[in-house]
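Counting the sequence shown from 1 gives a position; our numbering is that position plus 7.
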Amino acid sequence: MAGSVAAAVPPWRVFMSPLPEYLRIIRANEWRWRASAWGFAVSTVLMAIGLVIAGSASSVTASRWYGIAAFVVFIVVAPCWLGTLALRLDLTVAAARGSVDHAWYDAIGKWSGSLYAIFMVGGHAAVALLGASFIGDPRVPQWAAWTTAAVGAVAVVSFWVGWPRAYGMRSPFELPVLVPLLALLVAIPLAASG
């Protein structure tokens, strides 16, 4: 839920704007930008904790390995996202204030974009593995486990190849809030089962 709040805090148009407008919007909404970055950071940490719990909760031994793999993949890629968020908190705000050269900011932005892409592919892969870890587990509705696994896998491929493009984004699965939200399909029934 922290990710949902984080996604809703900044003005929606900030992510679809060209660089000068993007920075102007951030300058005018700095507290919202910072709240969004911190919300995503909290969401990322909570997702890692949830993957530990879910991985240890799997009742089928073979499925437990999928849960462990989900955690390992996420732990490898989460620092990429956290690094991107750190740049958003520091460098992006400084660029919005005009204290960073725009050419330098643009170069660092491309590097940050690569970190983000690594996180998105790995994050969706972790979600697919999480869903797969609960296929056959009676505590989670099978439609939820299969949907989580399938949508996570489709999201990996879609983001990786950049198709289909939607609303100016690389993929319909480009929104970082989708990683923890999709995981809730199995997390909520698992928590409700005790």
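Even for Gly, the Cβ is constructed at its ideal location relative to N, Cα and C.
Original post:
Pick from Leu191, Ala55, Gly105, Met54: whose alpha carbon is nearest that of Arg31?
Top reply: Gly105
**OP:** Give every residue of the same chain whose Cβ lies closer than 6 angstroms to the Cβ of Thr91, excluding the five residues on either side of it in the sequence, and list them in chain order.
**Re:** Ser119, Leu122, Tyr123
Original post:
How do the region 93-103 and the region 31-44 stand: do at least 3 beta-carbon pairs fall below 8 angstroms, yes or no?
Top reply: yes
Original post:
From Ser24 to Leu185, what does the alpha carbon distance come to, in whole angstroms?
Top reply: 21 angstroms
Original post:
Taking the DSSP output, what are the residues bridged to Met176?
Top reply: Ala173
**OP:** Measure the C-alpha to C-alpha separation of Trp72 and Phe180 and round it to an integer number of angstroms.
**Re:** 25 angstroms
**OP:** With hydrogens ignored, establish whether the beta-carbon of Leu182 is closer than 7 angstroms to any heavy atom of the ligand FMN.
**Re:** Absence of the ligand FMN from the depicted structure is noted, as is the absence of any ligand whatsoever, leaving it without description.
**OP:** Please check the pair Ala139 and Ala151, which I expect to be a contact at CB under 8 angstroms, by giving their CB distance rounded to whole angstroms.
**Re:** Wrong, their Cβ atoms sit about 12 angstroms apart, outside the cutoff.
Original post:
Can you give the Cα-Cα distance for Val1 and Thr51, rounded to whole angstroms?
Top reply: Outside the shown range of the chain (8 to 201) lies residue 1, about which nothing can therefore be said.
Original post:
Who are the Cβ neighbours of Ser165 in its own chain at under 6 angstroms, not counting the five residues just before and after it?
Top reply: Ser178, Phe180
**OP:** Would you tell me roughly how many angstroms separate the C-alpha atoms of His109 and Gln149, rounded to the nearest one?
**Re:** 50 angstroms
Original post:
How should Asp144 be labelled, buried or exposed, when 16 other C-beta atoms within 10 angstroms of its C-beta is the threshold for buried?
Top reply: buried
Original post:
Which first and last residues belong to the alpha helix (DSSP H) in which Val168 is found?
Top reply: 149-168
Original post:
For Val168, which of Arg41, Ile125, Pro196, Val193 has the nearest alpha-carbon?
Top reply: Ile125
Subject >> Cβ-based burial, Ala76 [other Cβ within 10 Å; buried from 16] >> reply: buried
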